[in-house]
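For reference, the structure is listed below as structure tokens.
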Amino acid sequence: MVGGTTKIAAGAVRAGGEWHRSLEEKSVGGNGSRDEAWHDALHRRFWPDVVRMLMRALGGNEGEAEDLAQQTFMTAWDRRSHVPDEPRAWLFATANNHLRNHRRWSRRHPLALIEMDVIEVVAGAAEGEESTVVCDRLDLGRVWGQLKPAEQEVLRLAYLDGLDTAEIAHVLGLWQATVRKRRSRALGKLRGWMLVGNADPVLTGTGRRDTGESSHG
1 MVGGTTKIAA GAVRAGGEWH RSLEEKSVGG NGSRDEAWHD ALHRRFWPDV VRMLMRALGG
61 NEGEAEDLAQ QTFMTAWDRR SHVPDEPRAW LFATANNHLR NHRRWSRRHP LALIEMDVIE
121 VVAGAAEGEE STVVCDRLDL GRVWGQLKPA EQEVLRLAYL DGLDTAEIAH VLGLWQATVR
181 KRRSRALGKL RGWMLVGNAD PVLTGTGRRD TGESSHG
């Protein structure tokens with residue numbers, strides 16, 4: 001790094017549009033180049049977010065999450081000219097691509113390791129004001145397991161990682177309408193399964209056994 005350690009202003013580690021502008025002001029020469037200082041600031045600001053997203057998708061496996069996060073930031077360095085000024089969704093999409101490759105290679109995604117706090121946050125989002133929730137932690141685990149992986153993925157990104165519809169669509173390579181439909185359907189299933197008198201999580205809110213989502217996404 002030219003001139004020793006580059007000092008990054010506090011704004012460089014804030015979310016949103018300020019982080020890259022602050023870095024540009026502090027970059028050597030003031031030209032905002034995509035140099036090592038830029039990459040260091042990118043890593044410092046977004047590493048925790050990327051690792052958390054991957055850990056949730058990997059059932060809390062921190063080692064695998066950090067390995068995939070490292071690959072994500074290596075990709076960001078190799079393709080630094082393609083990283084947008086607001087890089088969070090781009091990083092999540094890149095991490096998700098590495099995750100998919102990892103899953104194809106490993107052929108394993110253990111539901112039993114999914115952190116219960118993930119399930120409980122999403123279950124809280126599914127609660128309606130008129131709903132009486134009767135699920136304990138074991139019930140929540142069973143209910144979550146009845147959702148399709150694609151539905152779980154959308155709910156994680158929305159309620160745990162705080163992405164909006166456009167960002168989720170970018171991460172997953174879907175139309176925004178598909179994201180909205182998938183999230184609404186998944187929450188509807190959770191609400192139906194969590195209502196009093198519907199203890200069997202393989203039944204939909206209408207009392208019919210769920211046959212799965214259609215092939216139209």
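Going by the UniProt record's numbering, the first residue of the sequence shown is number 1, and it counts up by one from there.
Even glycine gets a Cβ: it sits at the ideal position worked out from N, Cα and C.
Please read these numbers as outputs of a predicted model, since none were measured by experiment.
Inset, instruction - To the nearest angstrom, report how far apart VAL83 and GLY173 are at their CA atoms. - result: The count along the sequence shown starts at 1 and reaches residue 83 at position 83. The count along the sequence shown starts at 1 and reaches residue 173 at position 173. Going from the Cα of VAL83 to the Cα of GLY173 covers about 17 Å.
> When burial is assigned at 16 or more other CB atoms within 10 Å of the CB, is MET55 buried or exposed?
Replying inline: In the sequence shown, the residue the question calls residue 55 occupies position 55. Flag for MET55 reads buried.
Q) What is the DSSP secondary structure of LYS148, reduced to helix, strand or coil? A) Translated into positions along the sequence shown, residue 148 becomes position 148. The answer is coil: DSSP assigns LYS148 none of H, G, I, E or B.
Please return the same chain residues whose Cβ sits closer than 8 Å to the Cβ of SER27, not counting the five positions on each side in sequence. Reading the sequence shown from its first residue, position 27 is the one you call residue 27. Confidence in SER27 is poor, its pLDDT being 38 and thus under 50, which makes the residue's placement unreliable; the coordinate value appears in the next sentence. Excluding sequence neighbours, SER27 sits near THR6, SER33, ASP35, ALA37 and TRP38.
Q. Which of helix, strand or coil does DSSP assign to TRP175?
A. Looking up residue 175 in the sequence shown gives position 175. Three-state result, TRP175: coil.
CA-to-CA distance, GLU151 to GLU62, given in whole angstroms:
As a position in the sequence shown, residue 62 is number 62, starting the count at 1. As a position in the sequence shown, residue 151 is number 151, starting the count at 1. One C-alpha to the other measures close to 22 Å.
Exercise for review: Determine the DSSP secondary structure at VAL154, reduced to helix, strand or coil.
Suggested key: On the sequence shown, position 154 is the one that residue 154 refers to. The answer is helix: DSSP assigns VAL154 an H, G or I state.
### Message
For GLY59 and VAL50, I'd like the C-alpha separation in whole angstroms.
### Response
Working through the sequence shown from its first residue, we reach residue 59 at position 59. Working through the sequence shown from its first residue, we reach residue 50 at position 50. Rounded to the nearest angstrom, the two C-alpha atoms are 14 Å apart.
(Q) Let me confirm a value: GLY162 is counted as buried when at least 16 other C-beta atoms fall within 10 Å, else exposed. Which label applies? (A) The sequence position of residue 162 within the sequence shown is 162, counting from 1. By the 10 Å Cβ count, GLY162 comes out exposed.
Can you look up SER81 in the DSSP assignment and give me helix, strand or coil? In the sequence shown, counting from the first residue as 1, residue 81 sits at position 81. Looking at SER81 - three-state DSSP - the assignment turns out to be helix.
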